[in-house]
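Residue numbers (my numbering): 22 to 264. We treat Cβ as the ideally placed atom computed from N, Cα and C, and that holds for glycine.
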Ligand SMILES: Nc1ncnc2c1ncn2[C@@H]1O[C@H](COP(=O)(O)OP(=O)(O)OP(=O)(O)O)[C@@H](O)[C@H]1O
Ligand SMILES: [Mg+2]
């Protein structure tokens, strides 16, 4: 296979000394893929994404972007290399308008034509175009998630890191967000996302990884993981009991 656009090798990271949250995580992302990371609460999914983006230092292992080790580099520097990140929480500036939020996104990468990219984002997210002067804090959760995605796409990244894009959204908005993820991917952006909505996310993914206790547990094509009885039993919730 060709060289992955992004790869983590034996990634170890944590927040407090001597407590590792990631215990050697290996993930590959190839050009054009949508790869989803699933796993229980506290598995280290957000920690993995934060470490890839340089928000948390890797204690061991490597983060390779087209073969170059970016572990140890700062987020602003990593953005310039073509990676964008949408955090799980607090991902818009609530007191700024949509247009201002997008303008800030343009600053992540030198040479970004903010005007042109903003118009492109309004094509991709027509609802944001209609409301460009509205402050982000007064928008619905689903709309805010779109602002966050559009802001991350402003610098025209090769790779988009999405942490729980559907979290807390009503089913209709979950569909809308997932449709946008597919549309963005079809436009040429490679996507690495974390999702609680595991079945839906795996169904639209090229491949997936199950992470548990900071370790790789299962991996494979999205459809195969969905059909794996062990994965279903342990991580996808079989239903059955009421509470
Ligand atoms: N800033 C922090 N300081 C200390 N510990 C943290 C911090 N952030 C996360 N942790 C711990 O790291 C572990 C993994 O957290 P992480 O947020 O990566 O999990 P997750 O898989 O994304 O879970 P969720 O599905 O709930 O979002 C948890 O035990 C959490 O308490
Ligand atoms: Mg998380």
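Asked	Found
Residue 45 beta carbon near ligand 1 (any heavy atom closer than 6 Å)	no
Ligand 1 heavy atom lying under 6 Å from the CB of residue 82	no
Residue 64 burial status per 10 Å Cβ neighbour count (16 or more: buried)	buried
Check whether residue 218 and residue 47 have beta carbons under 7 Å apart	no
Separation of residue 124 from residue 115, as counted between CA atoms	14 Å
Pairwise C-alpha distance: residue 249 and residue 157	41 Å
Distance cut-off 6 Å: residue 68 Cβ against heavy atoms of ligand 1	yes
Ligand 1 heavy atom lying under 6 Å from the CB of residue 188	no
Straight-line gap, residue 145 to residue 60 (C-alpha atoms, nearest Å)	30 Å
Residue 134 - DSSP class collapsed to helix/strand/coil	coil
Local conformation of residue 261 per DSSP, three classes	Per-residue confidence for residue 261 stands at a pLDDT of 49, beneath the threshold of 50, marking its modelled position as unreliable; the derived number appears in the next sentence. Coil, per DSSP.
7 Å Cβ cutoff met for residue 57 and residue 226	yes
Classification of residue 195 by the beta-carbon crowding that lies within 10 angstroms, buried from 16 upward	buried
Residue 64 in three-state terms, based on DSSP	coil
Distance between residue 213 and residue 27 (C-alpha atoms, nearest Å)	9 Å
Beta-ladder partner(s) of residue 239, from DSSP	231
Residues of its chain near residue 247, where Cβ-Cβ distance is below 8 Å and the 5 sequence neighbours each way are ignored	220, 223, 224, 253, 257
Nearest-angstrom Cα separation, counted from residue 135 out to residue 39	43 Å
Any non-hydrogen atom of ligand 1 closer than 6 Å to residue 198 Cβ	no
Other residues of its chain near residue 261: CB distance less than 6 Å, five sequence neighbours each side excluded	For residue 261, the predicted model reports a pLDDT of 49, less than 50, meaning its position is unreliable and no value from the coordinates is stated.
Close beta carbons around residue 235, own chain, < 6 Å, minus the five adjacent residues each side	42, 43, 44, 65
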